[in-house]
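Sequential numbering from 0 applies to the sequence shown in numbering that gives the first Met the number 0. Glycine included, every Cβ here is placed at the ideal spot set by N, Cα and C. As structure tokens, the structure follows; a few thoughts come after it.
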Amino acid sequence: MHHDHLLTPELRALRDEVRAFVREDVPRQLLLDMDADKVRYPREYVEKAAARNLLGLRFPKEYGGRGLGWTSEILAIEEIGVLGTSLGCLYSLPSIIGEAICRFGTEDQKQRYLRPTLEGRLMTAEALTEPRGGSDFFGTTTTAGREGDVFVLDGQKRFVVGAEGADYFLVYARTDPDAPPHKGISAFLVDRGPGVEVAHVYGLMGTRGGGTGRLVFRGARVPAENLVGRLNGAAEIFYRMMVPERLTSAAGAVGMARAALEVATRYAMRRKAFGRPIKDFQAVSFKLADSLTLVDAAHSLLWSTAVADDTGADPSYVRRLVSETKKFCTETAWTVVNHAMQVLGGIGYTNVYPVERLLRDTRLIMIWTGTNEIMDLIIQHEWFKEKEREWGEAPPAARRAAATPGQGAGASARDVEMDAENADLVEEKVYE
Ligand SMILES: Cc1cc2nc3c(=O)[nH]c(=O)nc-3n(C[C@H](O)[C@H](O)[C@H](O)COP(=O)(O)OP(=O)(O)OC[C@H]3O[C@@H](n4cnc5c(N)ncnc54)[C@H](O)[C@@H]3O)c2cc1C
0 MHHDHLLTPE
10 LRALRDEVRA
20 FVREDVPRQL
30 LLDMDADKVR
40 YPREYVEKAA
50 ARNLLGLRFP
60 KEYGGRGLGW
70 TSEILAIEEI
80 GVLGTSLGCL
90 YSLPSIIGEA
100 ICRFGTEDQK
110 QRYLRPTLEG
120 RLMTAEALTE
130 PRGGSDFFGT
140 TTTAGREGDV
150 FVLDGQKRFV
160 VGAEGADYFL
170 VYARTDPDAP
180 PHKGISAFLV
190 DRGPGVEVAH
200 VYGLMGTRGG
210 GTGRLVFRGA
220 RVPAENLVGR
230 LNGAAEIFYR
240 MMVPERLTSA
250 AGAVGMARAA
260 LEVATRYAMR
270 RKAFGRPIKD
280 FQAVSFKLAD
290 SLTLVDAAHS
300 LLWSTAVADD
310 TGADPSYVRR
320 LVSETKKFCT
330 ETAWTVVNHA
340 MQVLGGIGYT
350 NVYPVERLLR
360 DTRLIMIWTG
370 TNEIMDLIIQ
380 HEWFKEKERE
390 WGEAPPAARR
400 AAATPGQGAG
410 ASARDVEMDA
420 ENADLVEEKV
430 YE
């Protein structure tokens, strides 16, 4: 299958372990009941993943993880991804919230929250988005005022997967109203309890059964020891959390794309029209060729980004790669699932095949964990920053390549701008 040549024996073994979980521990009826909104929150599914020690693979063994890297985790999530966005998300939440606790939390928080989460004893959720907007994260209006040993939380968050079902929430709230937005927010671990109310559970196009709702905090008292990281220091936690947030979205997307492609390929080989298998029509086989190319490219980008973070590449560079990967993998999934539906014809639009569910699921992923427009915003921002660091604010004029190889140009690449016949006509190069 895809990219087997990249897998070490350990990674193959892990992939087979995850496949066994996906095959044996996830009843088909669970998927159907979640899609029919008969299940509010599939706690047992998360417990079963934990029982196989499959949650939070990156985290140290002492907290219940396996001490593995991102390449292992994306491999696992890609396999889980075939189950759709809801189960993919619930599998990924311990990895996302775990990142904040593991990197920024106290030993006590790791023992009280991270370990029980990875062991399947506590269900976790993240409450970042507010009704007033998700993209403008730093505009957070939820507040946490200090009163002795506690912070008192007031405000609301919406679209929280696990609003129903989770035992605790990672919540960002404003702790210094006078500071600039990036410097006045803190992160908290908030237990479900008095002052934490589920005000509404949303009816969704897809991604159902995960208890996605609106939370209202009214005077919720959060012990001061549940502050994660520094007071007013949530910006660095948020930036770091966006790595697992977006890489898990991207990996799940590749899993869904792969699932749709498999279904469509099988159909194209068996279904006949005009007396021949429809795969003999280029309109069909080229859609599959296009899909396969996209899936392989998405997988490669995902892999390369995983290696970048595992090997400690510069955070700005990782941020750009993560955003490109989230955008590309989710758009790939949307295109591939649409191609699959087209290949199946009318029956693809019915619930005889799962492609219509995958289509509803994949529509979401271009919106959540940061919309793809926000991904573009980050990509271009980090790119110009990178170039400004290299060149300064005003890019230098083009220079002729050094006449003697290995001399003059140093380690910089050939300046291709000078390879035009009239490249020397500086008076023709007008910029203002
Ligand atoms: C089913 C579901 C599950 C979710 N799960 C969670 C969860 O568990 N936890 C959580 O915290 N959140 C969750 N979200 C929230 C999700 O991340 C947000 O919906 C998303 O970030 C967008 O925020 P918004 O909906 O407020 O849209 P807005 O921020 O209001 O954006 C609206 C539109 O404007 C565009 N836009 C906004 N600002 C800019 C800009 N500067 N440049 C260009 N375009 C811009 C956006 O791209 C979008 O098209 C979930 C959402 C859904 C639907």
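The C-alpha of Leu113 lies about 15 angstroms from the C-alpha of Pro243.
Within the same chain, Met204, Gly205 come within 7 angstroms of Arg359 by CB-CB distance, once the 5 residues on both sides are set aside. Three or more Cβ pairs drawn from the segment 75 to 91 and the segment 247 to 261 lie within less than 8 angstroms of each other, which places the two stretches in contact. The beta carbon of Arg18 sits closer than 8 angstroms to those of Glu78, all from its chain and outside the five residues before and after it, given in chain order. Put simply, of Glu385, Asp148, Thr70 the residue whose alpha carbon is nearest the alpha carbon of Thr7 is Thr70.
Take Thr141, set aside five residues on each side of it, and the residues of its chain with a beta-carbon closer than 6 angstroms to its own are Gly154, Ala172, in chain order. In this structure, Phe168 places its C-beta atom within 8 angstroms of the C-beta atom of Glu125. In the displayed model, Thr7 falls within coil according to three-state DSSP, outside both helix and strand. Looking at Lys156, Trp302, Gly232, Arg275, the one whose alpha-carbon comes closest to that of Ala250 is Trp302. Look at the segment 9 to 82 and you find these whole runs of alpha helix (DSSP H), each 4 residues long or longer: 27 to 34, 42 to 50, 69 to 80.
Taking 8 angstroms as the cut-off, the Cβ atoms of Glu98 and Met240 count as close.
Across the structure, Tyr40 and Gly347 are spaced so that their CA atoms are roughly 28 angstroms apart.
Take Ile184, set aside five residues on each side of it, and the residues of its chain with a beta-carbon closer than 6 angstroms to its own are Thr139, Tyr171, Arg173, Ala233, in chain order. At a threshold of 7 angstroms, Ser134 counts as near ligand 1, since its beta carbon sits closer than that to one of the ligand's heavy atoms. For Ala234, there is no enclosing beta strand (DSSP E); the enclosing alpha helix (DSSP H) covers residues 233 to 269. Comparing alpha carbon positions, the residue from Lys384, Glu23, Phe187 closest to Asp313 is Lys384. For the pair Lys109 and Thr128, the CB atoms are not nearer than the 8 angstroms cut-off.
Of all C-beta pairs linking the segment 274 to 282 to the segment 47 to 54, fewer than three are shorter than 8 angstroms, placing the two stretches out of contact.
With contact defined as three or more Cβ pairs closer than 8 angstroms, the segment 290 to 308 and the segment 385 to 394 are not in contact. For Thr123, the enclosing beta strand (DSSP E) starts and ends at 123 to 126. With 16 or more neighbouring CB atoms inside 10 Å of its own CB, Phe103 falls in the buried class. The nearest non-hydrogen atom of ligand 1 is 7 angstroms or more from the C-beta of Phe383. Phe327 carries a helical assignment under DSSP once its states are collapsed to helix, strand and coil.
Of all alpha-carbon atoms in Val38, Thr84, Ser94, the one lying nearest the alpha-carbon of Arg65 is that of Ser94. DSSP places Asp190 inside the beta strand (DSSP E), whose first and last residues are 184 to 190. DSSP, read as helix, strand or coil, puts Arg157 in strand. For Val38, the closest alpha carbon among the candidates Arg413, Thr331, Ala198, Gly202 is that of Gly202. Annotated three-state conformation of Arg398 is coil, per DSSP. Taking 8 angstroms as the cut-off, the beta carbon of Asp24 is found no closer than this to the beta carbon of Gly208. When rounded, the separation of the alpha-carbon atoms in Asp289 and Leu260 is 10 angstroms. Separation of Lys271 and Ala263 (C-alpha to C-alpha, rounded to the nearest whole angstrom) is 13 angstroms. Residue pairing for Leu113: DSSP places it in no beta bridge. For Trp333, the Cβ stays outside the 7 angstroms cut-off from all heavy atoms of ligand 1. As summarised for the segment 276 to 357, the continuous alpha helix (DSSP H) elements at least 4 residues long and confined to that stretch are 281 to 309, 314 to 343, given in chain order. The Cβ atoms of Gly194 and Ala162 do not sit closer than 8 angstroms to each other.
Membership of His380 in the alpha helix (DSSP H) is indicated by the continuous run 371 to 390.
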